[in-house]
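First residue of the sequence shown: 1, per full-length UniProt numbering; consecutive thereafter.
What follows is a set of notes on a single structure, which appears directly below.
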Amino acid sequence: MELLKKRIVEDGTVLPGNVLKVDNFLNHQVDTKLMDQIGEEFAELFKHETITKVVTVESSGIAPALMTALHLGVPLIFARKHKSLTLTDNLYTANVYSYTKQVSNDISVDKRFLQPDDHILIIDDFLANGQAVQGLLEIAKLAHVEVAGVGIVIEKSFQKGRSMIEKTGVRLESLARIASLDNQKVTFVE
Ligand code: G4P
Ligand code: NA
Ligand code: NA
C-alpha cells in the first residue's frame, strides 16, 4: 500500500534494536483517515473469503482491526491480555511470549464470542516474530473456528513471523513489508 509506505518513510523513526517507531499515526496517536483506508484495503483484499468476525489483540491492533471490521460489516473481537491468575473457565486462552519485551502474557477471548460456525480474519499492527498471531491461531483451534486469513499493517520481513504463518497454510497479506531497518533506514521488500 503506497500511501502507508510513504507515511512510514515520512513519519517513522528507527530505534536501536530494529524497532520502527510509528507512534504518531498507528501506535499512540492514530490517523483515523489512514486507518479507514487501511480497513478498506484489507476488506478489498479479503472480499472473496467468508468472514464473520475480525479478531486482534489489544491494544495497538484495535485501530486497524476496527476499521477492517467496519468495512467488512462484521463485529470486531480483541483478545485481552492478562496475567494467568484469573479464573479462565469461560475463556479460550493462549500464552504469548514477546521477544521484544521479554515478557509472557496470556491472551483470552470469551467463549461466547467465538462459535464453531465463525470464520475469522486476524488483523494486527505489526508482524515481527509472529507470537501474537500464533496465539490467535491457537485460540481459533480451541474454538473450532475457521481462519480466513491474516492481515498485517507492517511486516518486518527479516524476522520469522511470515515463515511461521506460511507453514500453517493460512493466507497472509501485509500492507507494508520491511526488508531491513539497518543504518536507521527503512528498506521495503521489492
Ligand atoms: P510478535 O507478536 O510478532 O512476536 O512481536 P514481538 O513479540 O516481537 O513484539 C512485541 C510487541 O512489540 C508487539 O506489540 C509487537 O506488535 C510490537 N513490535 C514488534 N516490532 C515492532 C516494531 O518494530 N515497532 C513497533 N512499534 N512495535 C513493534 P504488543 O506489545 O503485543 O502489543 P501492544 O501492547 O503494542 O498492542
Ligand atoms: Na504494538
Ligand atoms: Na499488536
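Just so it is clear, CB atoms sit at the ideal spot from N, CA and C, and this is done for glycine as well.
Heavy atom of ligand 3 within 6 Å of residue i beta-carbon
{"i": "S174", "result": "no"}
{"i": "residue 192", "result": "Not covered by the structure: residue 192. The range shown for the chain is 1 to 190."}
{"i": "D11", "result": "no"}
{"i": "S60", "result": "yes"}
{"i": "D124", "result": "yes"}
Minimum C-alpha distance to residue i - residue among the options
{"i": "N183", "options": "L3, L26, T13", "result": "T13"}
{"i": "V30", "options": "T100, M164, I62, E40", "result": "I62"}
{"i": "H71", "options": "N95, L142, G39", "result": "G39"}
{"i": "N24", "options": "P16, G17, V55, V9", "result": "V9"}
{"i": "residue 191", "options": "R171, F188, F42, I139", "result": "Residue coverage of the chain in this structure runs from 1 to 190, which leaves residue 191 outside it and unanswerable."}
Alpha carbon of residue i to alpha carbon of residue j, nearest angstrom
{"i": "R80", "j": "S108", "result": "5 Å"}
{"i": "L3", "j": "P116", "result": "37 Å"}
{"i": "S60", "j": "T68", "result": "14 Å"}
{"i": "P64", "j": "M164", "result": "22 Å"}
{"i": "T168", "j": "G161", "result": "11 Å"}
{"i": "F78", "j": "V153", "result": "16 Å"}
{"i": "E146", "j": "V186", "result": "35 Å"}
Cβ-heavy atom distance, residue i to ligand 1, below 6 Å
{"i": "Q184", "result": "no"}
{"i": "V19", "result": "yes"}
{"i": "T100", "result": "yes"}
{"i": "A132", "result": "yes"}
{"i": "F158", "result": "no"}
{"i": "L34", "result": "no"}
Scan the UniProt domain "Phosphoribosyltransferase" (35-160) and note each continuous alpha helix (DSSP H) run of 4 residues or more that stays entirely inside, going in chain order.
-> Taking only runs of at least 4 residues, the alpha helix (DSSP H) segments lying wholly in the UniProt domain "Phosphoribosyltransferase" (35-160) are 62-72, 131-143.
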